[in-house]
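Residue 168 in the numbering used here sits at position 168 of the sequence shown, with consecutive numbering throughout.
C-beta atoms are modelled at their ideal positions from N, C-alpha and C, and glycine is treated no differently.
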Amino acid sequence: MAAPKDNFRRLLRTVEALSDLGPEIAAQEDFPQRARLMVAAILQASGAREGVLFSFSDKPSMLISVASEGFALMPEPAVIPLLPKHAYALTASRGAIVLTPGSAESYLSSNGNVAPELFRCIVPLKVGGKLVGMVALGRREGNELYDAEGLDALELLSNYIALAVQNHALNQTLANRVSENLRLLASLHGFYDNALEAFASAIDVKHIHLHGHSLRVGRYAAAIGEAMGMDTAEVAGLRSAGYLHDIGKVAVDKRLFAKPSPLDPEEFREMADHTIVGHQIVLGVQFPWPRIADVVRSHHERADGSGYPDGLMLSDTTLPVRIVALADTFDAMTSERPYRERLSIGGTLSEIVRLTPQKFDPDVVQGLLVQIRRDAAGSGRNQVVEERISSSISPTDVDHMAATLQHKLSHNRLFLA
């Protein structure tokens with residue numbers, strides 16, 4: 001009865017090991033620690049005293065240790081280069097392999113920093129027929145041979161460990177790619193920021209009253225995005241879209257910008273067409289941010305469909321369009337024009353709140369108020385709104401406008417309900 005009892009205990013150890021490994025397979029944090037737990041589970045289930053878990057790299061082809069236990073002399077990491085014949089043999093093998101003197105060279109190279117002769121049993125780890133790693137075991141308790149039951153336990157565990165190793169490799173690859181992409185984007189963002197700042201200045205040379213307009217709209221749009229919790233790449237896209245939103249004005253007659261009286265219908269149509277002309281200019285340009293063309297075309301659209309050129313409603317426009325539209329309006333109202341003086345910041349915000357939600361996205365307006373309050377209180381990382389503007393309003397004034405906006409929105413919801 002001793003053999004069945006031993007088999008039962010081994011099966012029980014395997015089930016226990018599987019229950020311990022379950023939560024580890026899909027986890028992302030601290031893979032070396034999880035790998036040590038996997039090695040411990042393998043040793044417990046197989047009765048081995050020594051074990052090491054390898055991951056597989058195909059460029060160049062090699063096995064690299066992730067965790068080991070029990071070996072007196074195991075370098076960290078242990079590396080075993082593989083010839084094509086070795087990689088093929090491990091991939092083609094089925095199940096655990098008990099090594100005999102001289103058989104290790106069929107699967108492993110001796111050119112690494114660890115001697116394959118230390119291993120008594122190996123288990124190639126495969127997912128979908130693809131080699132992802134290997135478990136290598138040394139001596140067993142009492143120097144016993146590896147028997148069928150122990151090998152069965154190893155094979156059962158190896159399927160789960162292979163998934164964990166593959167999951168880690170995929171996440172490492174993804175993390176490396178994301179990191180590399182972020183580095184590339186960071187350099188691109190820096191290049192575009194500098195280039196587009198110069199371009200924005202060139203757009204605004206039509207008239208003295210336009211000088212700095214596109215640069216300010218870019219900064220305001222980015223500040224609103226930050227106040228709304230958008231990520232760095234999205235904020236960079238907003239800044240660039242703001243810089244370029246009026247690019248179509250390069251095709252508008254210069255005299256229209258200096259006209260001290262309202263534009264007649266023909267002149268207004270020519271001015272309004274800057275959105276379409278600008279859209280045509282940027283449509284074929286590959287920017288790092290996908291929404292710039294939308295912003296250039298639609299930054300004069302309004303929530304109730306009264307804007308141009310397409311009469312879009314709020315739900316038809318993207319968030320970057322709504323942000324730049326508000327930033328553009330805010331700068332236009334707080335800047336001098338040939339036909340009027342600049343409005344105070346209090347008067348501008350009051351008018352914007354009055355026109356919300358009919359004309360503007362309430363969430364975007366709230367973002368603008370948050371940023372204006374930061375500037376007024378001196379709590380922002382950088383002063384976004386010019387000091388001549390922000391110093392003319394107090395944080396309490398902004399709080400009052402925010403409360404007015406919330407009351408207005410809540411009242412409308414109650415009324416509609």
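Between the CA atoms of residue j and residue i - distance to the nearest angstrom
i           : j           : result
residue 328 : residue 347 : 16 Å
residue 268 : residue 310 : 15 Å
residue 292 : residue 240 : 8 Å
residue 38  : residue 45  : 11 Å
residue 303 : residue 330 : 16 Å
residue 233 : residue 225 : 10 Å
residue 369 : residue 250 : 32 Å
residue 352 : residue 32  : 55 Å
residue 405 : residue 287 : 36 Å
residue 113 : residue 125 : 21 Å
residue 313 : residue 307 : 9 Å
residue 182 : residue 34  : Legend: pLDDT at residue 182 = 46, less than 50; position of this residue unreliable, value from coordinates given subsequently. Roughly 28 Å between the two C-alpha positions.
residue 316 : residue 63  : 54 Å
residue 345 : residue 280 : 34 Å
residue 392 : residue 398 : 11 Å
residue 377 : residue 56  : 56 Å
residue 40  : residue 94  : 23 Å
residue 358 : residue 164 : 53 Å
residue 217 : residue 341 : 19 Å
residue 120 : residue 235 : 57 Å
residue 430 : residue 170 : Nothing can be reported for residue 430, as the shown portion of the chain is limited to 1 through 417.
residue 254 : residue 265 : 17 Å
residue 227 : residue 319 : 14 Å
residue 118 : residue 160 : 25 Å
Contacting residues, own chain, Cβ-Cβ under 7 Å from residue i (five flanking each side not counted)
i           : result
residue 271 : 252, 256, 263
residue 106 : 89
residue 282 : 244, 247, 292, 293, 296
residue 356 : 362, 365, 405
residue 350 : 401
residue 197 : 215, 243
Under the three-state DSSP convention, the category residue i falls into
i           : result
residue 219 : helix
residue 407 : helix
residue 178 : Note that residue 178 scores a pLDDT of 49, beneath 50, so its modelled location is shaky and nothing firm can be said.
residue 395 : helix
residue 402 : helix
residue 316 : helix
residue 231 : coil
residue 337 : strand
residue 286 : coil
residue 343 : coil
residue 298 : helix
residue 366 : helix
residue 358 : coil
residue 36  : helix
residue 418 : Residue 418 falls outside the range modelled here, since the chain spans only 1 to 417, and no answer is possible.
residue 211 : coil
residue 260 : coil
residue 22  : In this prediction, residue 22 scores a pLDDT of 45, lower than 50, which makes its location untrustworthy; the coordinate-derived value is nonetheless stated afterwards. Correct three-state label for residue 22: helix.
Candidates the options: closest to residue i by CA position
i           : options            : result
residue 78  : 395, 392, 66, 260  : 66
residue 83  : 76, 59, 224        : 59
residue 300 : 166, 274, 160      : 274
residue 158 : 229, 52, 367, 119  : 52
residue 326 : 41, 214, 100       : 214
residue 87  : 131, 122, 407      : 131
residue 230 : 323, 284, 294, 62  : 323
residue 102 : 92, 116, 91        : 116
residue 237 : 318, 280, 279, 289 : 289
residue 70  : 354, 61, 140, 111  : 140
residue 133 : 96, 150, 367, 147  : 96
residue 145 : 100, 160, 123      : 100
residue 305 : 143, 360, 136, 254 : 360
residue 85  : 104, 411, 75, 72   : 104
residue 135 : 149, 148, 156      : 156
Residues sharing a beta bridge with residue i, DSSP
i           : result
residue 55  : 64, 133
residue 69  : 51
residue 97  : 122
residue 81  : 62
residue 140 : 48
residue 127 : 130
residue 304 : 313
Sequence-distant residues of the same chain with beta carbon closer than 6 Å to residue i, five excluded per side
i           : result
residue 277 : 248, 251
residue 36  : 67
residue 127 : 162, 166
residue 81  : 62, 109, 111, 112
residue 168 : 31
residue 98  : 121, 146
residue 367 : 224, 227, 228
residue 222 : 235, 238, 239
Same chain, Cβ closer than 8 Å to residue i, neighbours up to 5 away in sequence not counted
i           : result
residue 91  : 124, 126, 129, 130, 131
residue 143 : none
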